[in-house]
Amino acid sequence: MAADHTRTAIITAAERLYAERGFADVTMRDIVAAADVNLAAVNYHFGSKDELIAELFVTRSLATNRERLRELKAAEEAGDGRADINAIFAALVGPTLRGCLGPEKQRSDAARFMIRASIESVPPIRKIKNREVDHLKRFAAAMRRSLPDQDPADIFWALHFALAMAHQTIRDSERLTRMSDGLCDLNDVQAITDRVVAVAVMALTGKPAKAVQKEPAKAKARA
Numbered sequence: 012m013a014a015d016h017t018r019t020a021i022i023t024a025a026e027r028l029y030a031e032r033g034f035a036d037v038t039m040r041d042i043v044a045a046a047d048v049n050l051a052a053v054n055y056h057f058g059s060k061d062e063l064i065a066e067l068f069v070t071r072s073l074a075t076n077r078e079r080l081r082e083l084k085a086a087e088e089a090g091d092g093r094a095d096i097n098a099i100f101a102a103l104v105g106p107t108l109r110g111c112l113g114p115e116k117q118r119s120d121a122a123r124f125m126i127r128a129s130i131e132s133v134p135p136i137r138k139i140k141n142r143e144v145d146h147l148k149r150f151a152a153a154m155r156r157s158l159p160d161q162d163p164a165d166i167f168w169a170l171h172f173a174l175a176m177a178h179q180t181i182r183d184s185e186r187l188t189r190m191s192d193g194l195c196d197l198n199d200v201q202a203i204t205d206r207v208v209a210v211a212v213m214a215l216t217g218k219p220a221k222a223v224q225k226e227p228a229k230a231k232a233r234a
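Counting in our numbering, the sequence shown runs from 12 upward without gaps.
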């Protein structure tokens with residue numbers, strides 16, 4: 012098996028097994044058997060179980076972060092450099108929610124792996140989350156441009172709480188479904204995103220999301 016095919020087989024097998032069984036219950040020998048390679052190949056390409064988990068998480072996270080930043084850039088371009096706060100929050104949480112929720116995504120190994128990563132905060136993933144914050148700082152900067160009079164600390168708290176709402180919804184989606192007897196539709200990802208955005212905007216500004224969205228137009232009319 013060619014080196015790149017071996018690497019792909021290992022990653023595919025590891026992601027599926029971690030998604031199905033969690034990080035603690037999957038051994039390197041399980042991955043070797045599922046990928047139909049030898050242990051030396053896993054050690055050669057990744058070095059250790061932690062490094063394999065880290066690479067999987069980074070690969071999936073980079074795709075999400077690229078989508079976040081693409082949406083943030085579009086929002087800022089639409090606002091001539093000053094994006095609407097609703098659009099900023101939507102760009103922050105939308106890609107994460109779309110990546111893990113909905114009838115199609117919930118069945119994919121990639122989505123289930125990221126849900127596991129959110130539930131089971133294993134050391135290699137926790138280390139990456141604590142280190143890789145540059146893209147989140149770009150969101151905070153966009154929020155400060157959108158709301159220049161807002162307390163900077165409140166900006167970071169709002170960003171943190173918005174992410175927490177999205178991750179909690181992903182982690183406990185089944186409990187929410189049972190608790191609400193199906194009243195809360197976890198398949199309508201856009202509606203979930205809208206709810207998270209609305210709560211985040213209200214918490215940050217003390218105003219409904221639509222009212223904040225309309226403010227720039229009113230200010231322009233008075234100018």
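In this text, a Cβ means the ideal position worked out from N, Cα and C, and glycines have one as well.
Treat the numbers as computed from the prediction; the structure is a model and nothing was measured.
Open item on the list: Does S72 pass the burial test, meaning 16 or more other C-beta atoms within 10 Å, or should it be called exposed?
Closed with: On the sequence shown, position 61 is the one that residue 72 refers to. Classification for S72: buried.
TODO: Would you kindly work out how many angstroms separate the C-alpha atoms of A51 and V43, rounded to a whole number?
DONE: Start at 1 with the first residue of the sequence shown, and residue 51 comes out as number 40. Start at 1 with the first residue of the sequence shown, and residue 43 comes out as number 32. Cα to Cα, the separation comes out at about 9 Å.
Open item on the list: Which residue marks the beginning of the alpha helix (DSSP H) containing L103, and which one marks its end?
Closed with: Taking the first residue of the sequence shown as 1, we reach residue 103 at position 92. Start and end: 96-111.
TODO: Output the distance between the C-alpha atoms of A121 and R137, rounded to the nearest integer angstrom.
DONE: Taking the first residue of the sequence shown as 1, we reach residue 121 at position 110. Taking the first residue of the sequence shown as 1, we reach residue 137 at position 126. Roughly 18 Å separates the two Cα atoms.
Open item on the list: Taking the straight line between their C-alpha atoms, what separation do you get for T107 and F172?
Closed with: For this step, residue 107 is matched to residue 96 along the sequence shown. For this step, residue 172 is matched to residue 161 along the sequence shown. Approximately 14 Å between the Cα atoms of the pair.
Task: Segment limits, alpha helix (DSSP H) that includes A214 - done: The residue given as residue 214 occupies position 203 in the sequence shown. That run of the alpha helix (DSSP H) goes 200-216.
Open item on the list: With a threshold of 8 Å, are at least 3 pairs of Cβ atoms found where one atom belongs to the segment 28-44 and the other to the segment 52-65?
Closed with: yes
Task: Status (buried if at least 16 other CB within 10 Å, exposed otherwise) for E87 - done: The residue given as residue 87 occupies position 76 in the sequence shown. Buried, by the Cβ-count rule.
- [ ] Taking L170 and A151 to be in contact with their CB atoms under 8 Å, please state how far apart those CB atoms are, rounded to whole angstroms.
- [x] Counting from one through the sequence shown, the residue named residue 170 turns up at place 159. Counting from one through the sequence shown, the residue named residue 151 turns up at place 140. Contact flag correct, Cβ pair sits at about 6 Å.
Open item on the list: Using only the alpha-carbon positions, how far apart do I130 and A98 sit?
Closed with: Against the sequence shown, residue 130 aligns to sequence position 119. Against the sequence shown, residue 98 aligns to sequence position 87. Taking the straight line from one Cα to the other gives about 27 Å.
TODO: Could you tell me which of R79, D95, G113 sits nearest to G105, measuring between CA atoms?
DONE: Taking the sequence shown and counting its residues from 1, one reaches residue 105 at position 94. The shortest C-alpha separation from G105 is found at R79.
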